[in-house]
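Protein chains in written order, with my numbering: chain A, 1 to 421; chain B, 1 to 325.
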């Protein structure tokens, strides 16, 4: 029986998928479970397996092509089977959203699985979708008048490349006309060849960052609380730990993960999400750590960090950070944290504020350890200090709670033996 | 072609139709001996007698009902509302009987009746006597709503309204009765549901009716000085609407401003905007804007009255906004 192969949902936030590479070509025989293509979600590149055996009769989304989650990417059928009906099937107006769990169920229900979940219904044919793709990239919507959209579609123009001069940057008829005029001439507009600014199209990861950060900063009422920690004890403690075993190289991040997990345990109000006019307090303490990768960042998650030893945390983080840089993390590994740490200390940053990663309710921005004059018992001494800034969703967390969390964290960092108790 | 006033054009329409068909008669407050509160029925009583030009007490609900009853048994009444502000008192008859009886009797009765009179504001008549009720009537299935902007249209449309077998709300304007315009000697009829392009243009569509057509025309003249060619469309009949004429124009100009004297909320302008976005979505280069009266009871003070009403300046500004200039 002919089967439509659809773009699976590879991560919680994935709406569009990109076929990075087909590993099979039309006419190849496919066994169920065989890898047929590589697909890129907003966060990672994953292998797509066929669920059914047969002949790969038709590839509908070529290498580099994008399609919504659930969109048909290929058809597998018997060699002599008539697939014309499947090819002509009207695209349903299915959007990626339909396969997402409702936000209120984030805590309980969303267990992102490494196994791609097939969409329940066949969705837009790639060819129909391709036209829309010219107009919007993923969910970063371009503002254009209906007429401008129609003109761009008819003339096969990429709206991303056109500067909007209408209200709020809306692309209007005159922008399309002037763009066409400009592209008709061969001379570069600035007169000097090579003087034009470089325009970089967003990859799926940047699109996700764009969307989620805009969503966060425009819908979450952020407030910030900064506290300075005495780092001398932790520096000493880390030296001792790393001296204890030859192979062990515990990082400050590992210690911070553990400290935050314990602080969250004593201040559970911070370990929360705000969704559907409800505050959801998480029982699990899963800590995401922002890791910079080329063109973006990703946040591998240490699950149940409160119950793990520093050694375990160190092992997990080291391994995940490496795979993160190769974009080989699976969605289970980088989604569904309850709290995030972003550390720019290694760049000699004093302090900074971070944007909350929804649906989490807080994020800790960590600055560098500075050697500074400090006052101890009325005497000026040389000491090591570090500033952290907690950004909180005020709908879920109030200032006093944030301060109590930081005070607890300070206590742990300044008395590091408590981290191994 | 003779140049006559709006009131004379309407007077001719009624006189000609009464002459043509003895079932046509006029009824209302002061229409007979006083020759009409605004002299629209000048000379009709003298010409056709007191049995066909009937003065009524101040009792709108009553004489609207009498009119509807007479229409049910074969007459073709013209019911003059001294102004449409007073038609509010007759709404039960208009909405529940005139608009419904043909439907509810399974077509056994037809209701060939015209309710006519001035609507909208005039000059310092304050909140209760300065109301534009076009959308109220347009909202009721079973009513035809016509509203002319020139003497020529007024005559041709009123004759059609009188000849139609359905109830017609025919909204004139107190401040337009003195407007002059060319009206041919020979008979002509303007069909229901057919609009008129009052001024051709390629850059923006202005939709307006009744006295707002004149505001739109003035705005178009100002825009012309800036090389903007506005097309002014007068739908003339608000229900059924000549949507094809509007859509064709918007397909050409890609932008539209609707000018209406009524209040903005759920107004006729909203209906027109909705239809344009449904039928000409891909032609729109800008949102459709409306210029209407402010959402307020009309103030008595003249300076405030001017602020509340749509003005040439407001139309020019809205036009420039949708032209992105």
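Glycine is no exception: its CB is placed at the ideal position from the N, C-alpha and C atoms. No experiment lies behind these values; they were computed from the predicted model shown.
Could you pull the start and end residues of the alpha helix (DSSP H) that residue 334(A) belongs to? Judged by DSSP secondary structure, residue 334(A) falls within the alpha helix (DSSP H) whose first and last residues are 331-334.
I'd like to check one pair, residue 247(B) with residue 279(B): are the Cβ atoms closer than 8 angstroms? Yes, the pair counts as a contact, with Cβ atoms nearer than the cut-off.
Taking 6 angstroms as the limit between beta carbons, can you name the residues of its chain near residue 147(A), skipping five residues before and five after? The beta carbon of residue 147(A) sits closer than 6 angstroms to the beta carbons of 173 from its chain, once the five residues preceding and following it are set aside; these are given in chain order.
So with Cβ pairs under 8 angstroms, would you call residue 173(A) a contact of chain B? Closer than 8 angstroms to some Cβ of chain B, the Cβ of residue 173(A) qualifies, so yes.
Please list the partners that residue 283(B) has in chain A, where partner means a Cβ-to-Cβ separation under 9 angstroms. Neighbours of residue 283(B) on chain A, chain order: 146, 147 and 150.
Cβ neighbour criterion (16 or more within 10 Å) applied to residue 123(B): That one is exposed.
Can you give the Cα-Cα distance for residue 289(A) and residue 386(A), rounded to whole angstroms? If you take the alpha carbons of residue 289(A) and residue 386(A), they lie about 18 angstroms apart.
Given a cut-off of 8 angstroms, decide if residue 419(A) and residue 248(A) are closer than it, judged by their beta-carbon atoms. By the CB criterion at 8 angstroms, residue 248(A) and residue 419(A) fall outside the cutoff.
Collapsed DSSP secondary structure at residue 222(A) in the structure displayed: Residue 222(A): strand per DSSP, three-state reduction.
Mind checking which residues open and close the beta strand (DSSP E) that includes residue 379(A)? Under the DSSP assignment, residue 379(A) falls in the beta strand (DSSP E) whose first and last residues are 379-393.
Report all residues from its chain with a CB closer than 7 angstroms to the CB of residue 11(A); omit the five preceding and five following residues, and keep chain order. Excluding positions up to five away in sequence, the list reads 41, 42, 43, 112, 331 and 335.
Which listed residue (174(B), 138(B) and 164(B)) has its alpha carbon closest to that of residue 266(B): Of 174(B), 138(B) and 164(B), the residue nearest in Cα terms is 138(B).
Candidates 55(B), 154(B), 111(B) and 99(B): closest to residue 5(B) by CA position: When C-alpha distances from residue 5(B) are compared across 55(B), 154(B), 111(B) and 99(B), the shortest belongs to 154(B).
Distance check for residue 151(A) and residue 326(B), CA to CA, integer angstroms please. Residue 326(B) is absent from the structure shown; chain B starts at 1 and stops at 325.
When you compare each of 266(A), 143(A) and 407(A) to residue 227(A) by their alpha carbons, which one comes out closest? Nearest C-alpha to residue 227(A): 407(A).
Residues of chain B with a CB under 9 angstroms from the CB of residue 166(A): which are they? 285, 286 and 324, listed in chain order.
Since residue 290(B) sits in a beta bridge, which residues does DSSP pair it with? Paired residues: 258(B).
At what residues does the alpha helix (DSSP H) containing residue 251(A) begin and finish? Counting along the chain, residue 251(A) sits inside no alpha helix (DSSP H), nor does DSSP assign it H or E at all.
Let me know the secondary structure DSSP gives residue 22(A) once reduced to three states. Residue 22(A): strand per DSSP, three-state reduction.
Grouping DSSP H, G and I as helix and E and B as strand, with all else coil, what is residue 4(A)? In the structure shown, residue 4(A) sits in a strand (DSSP, three-state: E or B).
On the DSSP bridge list, what partners appear for residue 66(A)? BP columns for residue 66(A) point to 18(A).
Just to confirm the assignment, what range does the alpha helix (DSSP H) spanning residue 323(A) have? Bounds of the alpha helix (DSSP H) holding residue 323(A) are 310-325.
Exposed or buried, which one is residue 165(A) when buried takes at least 16 other CB atoms within 10 Å? So residue 165(A) counts as exposed.
Using a cut-off of 7 angstroms between C-beta atoms, extract the partners of residue 254(B) located in chain A. Neighbours of residue 254(B) across chain A, judged by C-beta separation under 7 angstroms: 147 and 173.
Terminal residues of the beta strand (DSSP E) in which residue 273(A) lies: Its beta strand (DSSP E) spans residues 272-275.
Nearest to residue 76(B) (by Cα), restricted to the options 287(B), 158(B) and 132(B): Of 287(B), 158(B) and 132(B), the smallest CA-CA separation from residue 76(B) is found for 158(B).
Does DSSP classify residue 133(A) as helix, strand or coil? Low local confidence applies: a pLDDT of 35 at residue 133(A) is under 50, so the model's placement there is unreliable, with the coordinate-based value given in what follows. If DSSP states are grouped into helix, strand and coil, residue 133(A) belongs with the helices.
Determine the DSSP secondary structure at residue 2(B), reduced to helix, strand or coil. Correct three-state label for residue 2(B): strand.
What do you reckon, are the CB atoms on residue 250(B) and residue 315(B) nearer than 8 angstroms? The Cβ atoms of residue 250(B) and residue 315(B) do not sit closer than 8 angstroms to each other.
Report yes if the C-beta distance between residue 281(A) and residue 272(A) is below 8 angstroms; otherwise report no. In this structure, residue 272(A) lies closer than 8 angstroms to residue 281(A) by Cβ.
Between residue 305(A) and residue 353(A), is the Cβ-Cβ spacing less than 8 angstroms? No.
Rounded Cβ spacing between residue 76(A) and residue 59(A) (contact assumed at less than 8 angstroms): Taking the Cβ atoms as the reference, residue 76(A) lies roughly 11 angstroms from residue 59(A), outside the contact range of under 8 angstroms.
Who are the Cβ neighbours of residue 127(A) in its own chain at under 6 angstroms, not counting the five residues just before and after it? In this prediction, residue 127(A) has a pLDDT of 33, which is less than 50 and means its spatial position is unreliable; what the coordinates show is noted afterwards. Answer for residue 127(A): no residue qualifies.
Can you name the start and end residues of the alpha helix (DSSP H) that residue 147(A) belongs to? 146-155 is the extent of the alpha helix (DSSP H) around residue 147(A).
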